Amino acid sequence: MSIGFLKSDIIPLMPNTINEIKKLNLEIFFEKKIAEHIYIDDEEFEKLGAKALTKEEILNSCDIIVYYRFNYNDIEYIRRNSILIGLFDPFVNKEKLKLLLEKQLTIFSLELIPRISRAQSMDVLSSLATIAGYKAVIISAYYFNRIFPLLMTSAGNLLPAKVFIIGAGVAGLSAIATAKRLGAYVSAYDVRISTKEQVESLGAKFVDLGLFSQEEKYGYAKKMDEEFYKRQREALKEYLKDVDIVITTASVIGAKAPILITKDMVEVMKKGSIIVDLAVEKGGNCELTKYNEIYEYNGVRIIGIPNLPALVPYHSSFMFSNNIKNFLKIIIKDGSLNLNLNDEIIRETLINNEKVI
Ligand code: NAD
3 MSIGFLKSDI IPLMPNTINE IKKLNLEIFF EKKIAEHIYI DDEEFEKLGA
53 KALTKEEILN SCDIIVYYRF NYNDIEYIRR NSILIGLFDP FVNKEKLKLL
103 LEKQLTIFSL ELIPRISRAQ SMDVLSSLAT IAGYKAVIIS AYYFNRIFPL
153 LMTSAGNLLP AKVFIIGAGV AGLSAIATAK RLGAYVSAYD VRISTKEQVE
203 SLGAKFVDLG LFSQEEKYGY AKKMDEEFYK RQREALKEYL KDVDIVITTA
253 SVIGAKAPIL ITKDMVEVMK KGSIIVDLAV EKGGNCELTK YNEIYEYNGV
303 RIIGIPNLPA LVPYHSSFMF SNNIKNFLKI IIKDGSLNLN LNDEIIRETL
353 INNEKVI
C-alpha cells in the first residue's frame, strides 16, 4: 500500500519516523517541500526512502492520505476508497463527513483517539495542547508590560506576575509549568476535582470555587447548564480583580466552549492585564475574544490567536508525526489496513454513519 503525507504548518511526517513506517510495508510519499518552513529539505526525506510528489499526485494515487487538519476543499479530488487520516473536527463537520462517507472513504479522525494509557503515544490532542499551553504563556509574557519573576534590584523591587489558568487539562497544566518556570505566581481552577492534586503538584495554587462537575467518558468535563456557568462567572469575577494574566483553556467535548469571562468581568480586571483565550477555535471562553485578533477593551488585551501550536512548527511536527507513526502501527498490519473493531482505538477513531448523525 502507498501512503502520502501532505504539507501543512504542522506536518505529519518527519525524517525520524520514516524507518519505522517503512517496516509496516508501506511505500512512503510526501508533498514536495513539506518541511521547508522548518528548514528540512526534500533530500533529507528522500535519503531515507520516501519520495516527493505534488499534492495532486498524492490525492490521485496514494491509498492512505495523511493530513494535519483535513482540508474539506479537497473532497472532490480524493479518489473513492481512499483511507484518510487527520483532524476532521468531527463534531462540527458532520454534514461534510457524510459526503466523504458516500465516496466509500475510510476516515480516521484523530480527535477521537480514546484517552487510555495504550493510546497515549498517539494522542495528538495532548501533543498539541502541551505546545499550546506553553506558547500561550510566552505570548502573554511578550505583551505584558511587566516581567514575570520577582526581582529585587537596587532600582527597586519588581513583584511577580499573577497568572491564573482556567481549565487545568493538558494545555492548562503545560501553561502552569511554563508560567512557574518564568517565576510567576500561578493559580488555577478547573471543574474537575481530580485536577486539584495535579495543579498543586506543579507548585501552583488551586482556586477552589466550590463548583465542580462530573467527568464524562475518558475524563472529559461534562457540559453543565447555564445556571452552573452563571454561578461560576460570579465566583470568578471576584478572583479576576487581582490577577495580571488569565489563560483560558476550558473546553467540553463535542460542544461550544463555555463562556466563563463576560464583558463586565473584563471591566473589573486591572488595566494592562492580558487574557489569552485558548478556546478561541471553539467559540472562546471570553465573551469579548475576537478570532485571530488581539483586541483591547478597557485596558485589557484579549488574545484570540488560533492554532498556537502552528507557531511552534518544529516541535509540534515532531510530536504530531510521532503520534501518527504510532497510530499507523495500530491500523496497519503486514502492509494492509487492519480494521479490527474490537480494538478500542480503531473503533473510536473510525468515522461511520452513526458518528455523523
Ligand atoms: P479539554 O481540552 O477537553 O478541556 C480543558 C480543561 O477544561 C479540562 O481540564 C476541563 O475539565 C476544563 N473545563 C471544562 N469546562 C470548564 C469550566 N466550566 N470551568 C473550568 N474548567 C473547565 O481537556 P483535555 O486537556 O483534553 O483533557 C481531558 C481529559 O483527558 C483529562 O481528564 C485528562 O487528564 C485526560 N487525558 C488522558 C490521557 C490519557 O490517559 N491517554 C491523555 C490526555 C488527557
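Following this note's numbering, the numbering of the sequence shown begins with 3 at its first residue and continues without gaps. Ideal Cβ placement from N, Cα and C applies to all residues, glycine included. For clarity, every value in this text was computed on a predicted model and none was experimentally measured.
- Does the stretch 317-331 come close enough to the stretch 90-104 that 3 or more CB-CB pairs lie under 8 angstroms? The answer is no - the stretch 317-331 does not touch the stretch 90-104, with fewer than three Cβ pairs under 8 angstroms.
- Item | Start-to-end residues for the alpha helix (DSSP H) that takes in F32 | Counting along the chain, F32 falls outside any alpha helix (DSSP H), though it belongs to the beta strand (DSSP E) covering 29-33.
- Exposed unless 16 or more other CB atoms sit within 10 angstroms - verdict on N159: N159 is exposed by the Cβ-count criterion.
- Item | Range covered by the beta strand (DSSP E) that runs through V165 | Run containing V165: 164-168, per the beta strand (DSSP E) assignment.
- Starting from I109 and walking both ways along the beta strand (DSSP E), at which residues does that stretch end? From DSSP, the beta strand (DSSP E) with I109 extends over 108-111.
- Message: Nearer than 7 angstroms: is that true of the beta carbon of G171 relative to any heavy atom of the ligand GDP?
- Response: By its list of ligands, the structure shown excludes the ligand GDP, since it contains just the ligand NAD.
- Task: Go to L153, then tell me how far its beta strand (DSSP E) extends in each direction, as first and last residue.
- Result: 153-155 is the span of the beta strand (DSSP E), which, as asked, contains L153.
- Message: Mapping the DSSP letters down to three states, classify E298 as helix, strand or coil.
- Response: It is a strand residue.
- Message: Give me, in chain order, the residues of the same chain whose beta-carbon lies closer than 6 angstroms to that of T197; leave out the 5 immediate sequence neighbours on both sides.
- Response: A170.
- Entirely enclosed beta strand (DSSP E) segments - the stretch 51-130, minimum 3 residues: Taken in chain order, the complete beta strand (DSSP E) segments of 3 or more residues contained in the stretch 51-130 are 53-55, 66-71, 85-89, 108-111.
- Message: Judging by CA-CA distance, which residue of R194, F146, A179, L204 is the nearest neighbour of K224?
- Response: For K224, the closest of R194, F146, A179, L204 by C-alpha to C-alpha distance is R194.
- Which residue from A281, V358, L352 puts its Cα closest to that of G135? Checked all of A281, V358, L352; the closest Cα to G135 is A281.
- Nearest to I277 (by Cα), restricted to the options M271, I261, V248: The candidate whose alpha carbon is nearest that of I277 is V248.
- Task: Just the C-alpha distance for E38 and P315, rounded to the nearest angstrom, thanks.
- Result: The straight-line gap from Cα to Cα measures roughly 11 angstroms.
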